[in-house]
Amino acid sequence: MAKRIQFARTGGSEVLELVDVAPAEPGPGEVRVANRAVGLNFIDIYFRTGLYPAPALPSGLGTEAAGVVDAVGEGVTHLKVGERVAYAQGPLGAYAESHVLPAAKVVRLPDGIDFETAAASLLKGLTVQYLLRQTRELQGGETILFHAAAGGVGSIACQWARALGVKLIGTVSSSEKAALAEKNGAWATIDYTRENVVERVRELTGGAMCDVVYDSVGKDTWETSLDCLKPRSLMVSFGNASGPVEGVNIGILNQKGSLYVTRPSLNGYADTRERLEWMAGELFAMLESGQIQVDVAHRYPLAEAGKAQDALQGRRTTGSTILLP
Ligand SMILES: NC(=O)c1ccc[n+]([C@@H]2O[C@H](COP(=O)([O-])OP(=O)(O)OC[C@H]3O[C@@H](n4cnc5c(N)ncnc54)[C@H](OP(=O)(O)O)[C@@H]3O)[C@@H](O)[C@H]2O)c1
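The following block contains the structure:
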């Protein structure tokens with residue numbers, strides 16, 4: 004038997020339960036991974052609360068982990084039993100000792116990247132790859148605003164932006180988080196609990212404002228974010244930490260300066276094995292060169308997944324959190 008976290012109804016973290024299940028056998032095109040470290044992500048909370056519906060209940064939870072392939076289904080040629088791997092997409096159920104998923108969603112881990120680092124960085128790092136390198140391909144010299152700059156995605160974004168020569172202005176909710184974001188390469192930070200974000204962006208940019216705004220907070224920051232942009236520039240709305248952006252009158256993009264807006268997801272960018280491997284290759288190169296160092300700031304036993312989610316949702320974490328099966 005293998006342990007996994009599941010939920011039979013949506014709600015608070017109390018709906019998560021640790022259960023024993025018989026490990027499934029991989030079908031054609033699938034592999035089974037014995038997880039060694041599991042990544043905790045905000046999207047897991049969206050599924051638990053029902054903001055994003057799980058395909059069926061009871062459901063497993065989580066989409067990111069690193070471990071060892073221990074069974075391979077028919078037709079899988081690029082992965083073998085015993086290989087060290089990681090994944091950040093696929094069916095819910097990564098919060099577990101064992102998980103079966105499509106082999107096309109699984110990447111081999113370079114020797115220099117350990118399981119904890121991989122589980123703490125694959126989903127978040129692939130996200131930063133498509134945000135900074137694909138939603139718009141940043142060249143260096145741009146000024147961007149990045150919300151939640153001391154969080155899991157934000158900590159990697161600060162380092163990747165620095166490596167690209169991009170001036171990242173990060174929003175944070177405390178001076179400790181500001182110091183962390185700056186250590187990671189943020190060009191400037193704004194503590195939105197005591198500073199006006201639009202005014203500070205205007206001051207910092209000499210009135211020019213930003214080339215791109217990356218907003219994962221959603222509801223609370225949507226309009227502020229639009230006000231931080233240059234005319235004809237890009238708003239990337241990629242998360243809902245405060246709730247989803249709803250009821251938007253598209254005319255606001257005209258009023259705020261003929262703006263562009265995109266609402267992307269990792270699954271929309273890493274949608275083929277080739278694209279996933281290209282994106283993961285860029286991330287692994289950044290990790291192996293030391294240009295990105297992953298802060299595994301919080302570790303919890305798998306059984307305490309609910310406690311870990313409460314800390315993430317309650318803004319009490321910085322960097323990445325992992326669960327240990
Ligand atoms: N679309 C995609 O492909 C994709 C992929 C990965 C992640 N995401 C999104 O990226 C965001 C970051 O994910 P993460 O896992 O790395 O989380 P995280 O950034 O470590 O944690 C969320 C942070 O958001 C900030 N925040 C602002 N308002 C909040 C609120 N009302 N409730 C909770 N937090 C709030 C907090 O930082 P402060 O205290 O500094 O404000 C908090 O620490 C999430 O919104 C997630 O959904 C999207």
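Going by this note's numbering, the sequence shown opens with residue 4, and the numbers climb by one from there. Each residue gets a CB set at the ideal place from its N, CA and C atoms; glycine is no exception. As the structure is a computational prediction, the values presented were derived from the model and not from experiment.
Taking 7 angstroms as the cut-off, is the C-beta of residue i nearer than that to any heavy atom in ligand 1?
i, result
"G96", "no"
"P369", "Past the edges of the chain, shown from 4 to 328, lies residue 369, and the structure says nothing about it."
"N243", "yes"
"D223", "yes"
"R318", "yes"
"I193", "no"
"I46", "yes"
"V41", "no"
"S219", "yes"
"T130", "yes"
"G210", "no"
"L315", "yes"
"S176", "yes"
"A11", "no"
"L126", "yes"
"V156", "yes"
"A151", "yes"
"K180", "yes"
Go ahead and pull the three-state DSSP assignment for residue i.
i, result
"M212", "coil"
"S292", "coil"
"Q92", "coil"
"D23", "strand"
"N38", "strand"
"S16", "helix"
"K174", "Checking the sequence shown, residue 174 turns out to be Thr, not Lys. DSSP places T174 in strand when its eight states are reduced to three."
"Q9", "strand"
"I338", "Residue 338 lies beyond the stretch modelled for the chain, which goes from 4 to 328, so this question has no answer here."
"A148", "One point to set straight first is that residue 148 is Leu, not Ala, in the sequence displayed. In this structure, L148 counts as strand in the three-state DSSP scheme."
"T196", "coil"
"E140", "coil"
"E33", "strand"
"R330", "Absent from the model: residue 330. The displayed extent of the chain is 4 to 328, so no value can be given."
"V191", "The sequence as given places Ala at residue 191; Val does not occur at that position. If DSSP states are grouped into helix, strand and coil, A191 belongs with the strands."
Specify, as a first and last residue, the run of the alpha helix (DSSP H) that residue i falls within.
i, result
"Q132", "F118 to Y133"
"S158", "G155 to L167"
"A314", "A308 to Q316"
"L269", "L269 to Y272"
Could you spell out where the beta strand (DSSP E) holding residue i opens and where it closes?
i, result
"K233", "L232 to S240"
"V72", "A68 to V75"
"V200", "Careful: V200 lies outside any beta strand (DSSP E), inside the alpha helix (DSSP H) at V200 to L207."
"T52", "No beta strand (DSSP E) contains T52, which is instead part of the alpha helix (DSSP H) from F45 to T52."
"T265", "Y263 to T265"
"T324", "S323 to L327"
"Y303", "V299 to P304"
"P105", "S101 to P105"
"A59", "Segment: none, A59 is in no beta strand (DSSP E) and carries neither H nor E."
"V109", "V109 to R111"
Can the beta-carbon of residue i be found closer than 8 angstroms to that of residue j?
i, j, result
"Y55", "L326", "no"
"A160", "L134", "yes"
"L21", "A311", "no"
"G96", "R7", "yes"
"L104", "E33", "yes"
"G155", "S323", "yes"
"T66", "L290", "no"
"A106", "L82", "yes"
"L315", "I46", "no"
"T174", "E185", "no"
"T138", "T265", "yes"
"Q132", "N270", "no"
"A164", "V220", "no"
"L19", "G309", "yes"
"Y90", "A123", "no"
My assumption, with CB atoms under 8 angstroms, is that residue i sits in contact with residue j. Please give the rounded CB distance.
i, j, result
"L171", "A189", "5 angstroms"
"N44", "L126", "5 angstroms"
"A37", "G70", "5 angstroms"
"P267", "F287", "With a Cβ gap of about 22 angstroms, P267 and F287 do not count as contacting."
"V329", "V109", "In the structure as shown, the chain starts at 4 and stops at 328, and residue 329 therefore has no counterpart that could be examined."
"D214", "S236", "5 angstroms"
"K222", "V251", "Contact flag wrong, Cβ pair sits at about 11 angstroms."
"L262", "M282", "Contact flag wrong, Cβ pair sits at about 26 angstroms."
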